[in-house]
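In what follows, a single structure is set out as structure tokens and then discussed.
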Amino acid sequence: LYLQARGELRTQLTIALRQGRTRRVNRSRATSTRGKILDMVNISERPKEADDRAVPGFWEGDLIIGKGNKSQIATLVERTTRFVMLVRIPYDRNAERVAALLARKMQTLPEFMRNSVTWDQGKEMARHADFTIRTGMPVYFCDPHSPWQRGSNENTNGLLRQYFPKGTDLSLHTQAELDKVATRLNGRPRETLNWRKPIEVFSDLLASHVSP
């Protein structure tokens, strides 16, 4: 599902992809992607309307990691509808690349669906300010070792392992393949949505914001 916000300028994002040998990565993700991120805003500062899920446009995000800690897919879940988007992140978790690719995905959404993103303290989001400039979406960071603060995203990541088992090379999957998996998840009825499908709830919200 790709939607262009009315009046939004199309921006050509140039992503410099590093070539050559892959840099050696530490085995532990905790070592390779955790650290001090400048100007972090804690989740406690997130608008309260995000908590009860009544207002759409508040997203949760994370990376699922592949074989040898050398491949990754970004997962994004909208809190109200549980609508899922997946983003292919090639090569490595370079923060500039991650910010650009996430922003490009979010720019397909109308403005009312772009309130904020909540992420953990992985260094892949070190360029969160760049993401915010491109999307208008602030990034809120969870407390350390608190995955429950992104509960919808954590649950979705568990479901995604049915399609992307641990220990497999995630770089082998194209963006088109990721979109198909997201479509499958968005077509599953959810008890939390009174057995409606995320795509149904998401589409209804989009339709309700279209001017006659």
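With full-length UniProt numbering applied, the sequence shown closes on residue 212, and no number is skipped along the way. Ideal Cβ positions, reconstructed from N, Cα and C, are used throughout, including at glycine.
Between the region 162 to 178 and the region 86 to 93 there are three or more C-beta pairs closer than 8 Å, enough to call the two in contact. The beta-bridge partner set that DSSP reports for GLU60 consists of VAL77 and THR118. Here the region 50 to 58 makes contact with the region 111 to 120; the two share three or more CB pairs at distances below 8 Å.
THR75 sits close to ASN157, with the two beta carbons spaced by under 8 Å. According to DSSP, residue pairing for ARG190 in a beta bridge involves ARG196.
ILE64 is not a Cβ neighbour of THR118, given a cutoff of 8 Å. Taking a C-beta distance under 8 Å as the contact criterion, GLU124 and ARG161 do not qualify as a contact pair. Taking a C-beta distance under 8 Å as the contact criterion, PRO138 and GLN121 do not qualify as a contact pair. ALA50 and SER152 have their C-alpha atoms some 13 Å from each other.
ASN42 is bridged by DSSP to PHE141. The beta carbon of ARG134 sits closer than 6 Å to the beta carbons of ALA103 from its chain, once the five residues preceding and following it are set aside; these are given in chain order.
The beta strand (DSSP E) runs lying completely inside the region 83 to 111 and spanning 3 residues or more are 84 to 89, given in chain order. In the three-state reduction of the DSSP assignment, GLN72 falls in the strand class, which pools E and B.
Beta-bridge partners of ILE65 (DSSP): GLN72. Listed in chain order, the non-local C-beta contacts of THR81 below 8 Å within the same chain comprise PRO56, LEU193, PRO198, VAL201, PHE202 and LEU205, local neighbours out to five positions each way being set aside. Rounded to the nearest whole angstrom, the C-alpha separation of LYS70 and TRP148 is 25 Å. Between the alpha carbons of PHE83 and VAL77 lies a distance of about 6 Å. Judged by their CB atoms, PHE131 and ILE73 are not nearer to each other than the 8 Å cut-off.
Residues ASP39 of the same chain have their beta carbon placed closer than 7 Å to that of ALA129, with the five preceding and five following residues left out of the count.
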